[in-house]
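Residues in the sequence shown are numbered consecutively from 10, following our numbering. First up is the structure itself, then whatever we jot down about it.
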Amino acid sequence: MNRGPITVRYATALFELGKEKNDLDRFEKDVAVLQEQCLSVRDFCAFMNNPVIKASRKKETLRNVLAKELHPLVMRFVEMVVDKNRESLLPDILRFFKELYKRHKGIHSVKIITAVAFEEDYLKELQSFLEREFNGPIEMVVQVKPEIIGGIIMLVDDKIVDNSIAHQIKMLKKKIVS
10 MNRGPITVRY
20 ATALFELGKE
30 KNDLDRFEKD
40 VAVLQEQCLS
50 VRDFCAFMNN
60 PVIKASRKKE
70 TLRNVLAKEL
80 HPLVMRFVEM
90 VVDKNRESLL
100 PDILRFFKEL
110 YKRHKGIHSV
120 KIITAVAFEE
130 DYLKELQSFL
140 EREFNGPIEM
150 VVQVKPEIIG
160 GIIMLVDDKI
170 VDNSIAHQIK
180 MLKKKIVS
């Protein structure tokens, strides 16, 4: 979830810098590395959000851990976020940067929710079909949720198509009650 204008401003600044330096794809890869740190390393977030740890110590640790992996300008951006005491906003900044990047590249986000897992061949066919339909690349995530009973729920960018049996039962109940 976006935390407001500060998040948007920082993410847009990083995005525009990547475009200006003609290195947007590299910036996106670095943002993915940072997101992975935020999502999978629990201590990373605790460290970054700890008000007792001084900014200089945070920046030194970040340089030791990430400087070899990140573009120098992305590293400098993260240090600036720490200097401005905005490190708690970093996950949201990174998420919004990814949204800007996908919009710029014409990449659609597709989430498929099914009651049972699809075979790999079918998923490849489905991805190819969706890429043809959207006239461009898609980023597809598949999730299995047995509680939808059957059918499929598809989330495309900000739109939802719920063709699950659980949803159909719910709609039928509403019709019966009213």
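Ideal Cβ positions, reconstructed from N, Cα and C, are used throughout, including at glycine. Owing to the predicted nature of the structure, the values given are computational and were not obtained by experimental measurement.
Contact check, residue i vs residue j, beta carbons under 7 Å
i: Ile-122; j: Ile-162; result: yes
i: Phe-127; j: Val-83; result: no
i: Glu-148; j: Ser-118; result: yes
i: Val-153; j: Lys-120; result: no
i: Phe-86; j: Ala-20; result: no
i: Gly-160; j: Ile-178; result: no
i: Ser-97; j: Asn-58; result: yes
i: Val-91; j: Lys-68; result: yes
i: Gln-46; j: Phe-53; result: yes
i: Asp-32; j: Leu-79; result: no
i: Lys-81; j: Ile-116; result: Before going on, a small fix: residue 81 reads as Pro here, not Lys. Not closer than 7 Å, so no.
Residue i: first and last residue of the uninterrupted alpha helix (DSSP H) it sits in
i: Glu-96; result: Neither: Glu-96 is in no alpha helix (DSSP H) and is coded neither H nor E.
i: Leu-9; result: Residue 9 lies beyond the range of the chain shown here (10 to 187); nothing can be said about it.
i: Ser-137; result: 129 to 143
Residue i classed as buried or exposed, judged by whether at least 16 other C-beta atoms fall within 10 angstroms
i: Leu-48; result: exposed
i: Met-10; result: Any reading at Met-10 must be qualified, since the residue scores a pLDDT of 44, below 50, and its modelled position is unreliable; no value is offered.
i: Leu-71; result: buried
i: Leu-23; result: buried
i: Leu-4; result: Examination of residue 4 is not possible in this model, given that the chain is present from 10 through 187 alone.
i: Pro-100; result: buried
i: Ile-189; result: This structure leaves residue 189 out entirely; the chain is present only between 10 and 187.
i: Phe-138; result: exposed
i: Tyr-131; result: exposed
i: Gly-27; result: buried
Helix, strand or coil at residue i [DSSP, three-state]
i: Ile-174; result: helix
i: Met-10; result: Note that Met-10 has pLDDT 44, beneath the 50 cutoff, so the model's placement of it is unreliable and no number is given.
i: Gly-188; result: Since the first and last residues shown for the chain are 10 and 187, residue 188 lies out of range.
i: Lys-114; result: helix
i: Lys-30; result: coil
i: Lys-154; result: coil
The beta strand (DSSP E) enclosing residue i, as first and last residue numbers
i: Lys-120; result: 117 to 123
Next item on the list: Could you pull out every unbroken alpha helix (DSSP H) segment of at least 4 residues lying fully inside the stretch 54 to 95, listed in chain order?
Entry: Correct list: 64 to 75, 81 to 92.
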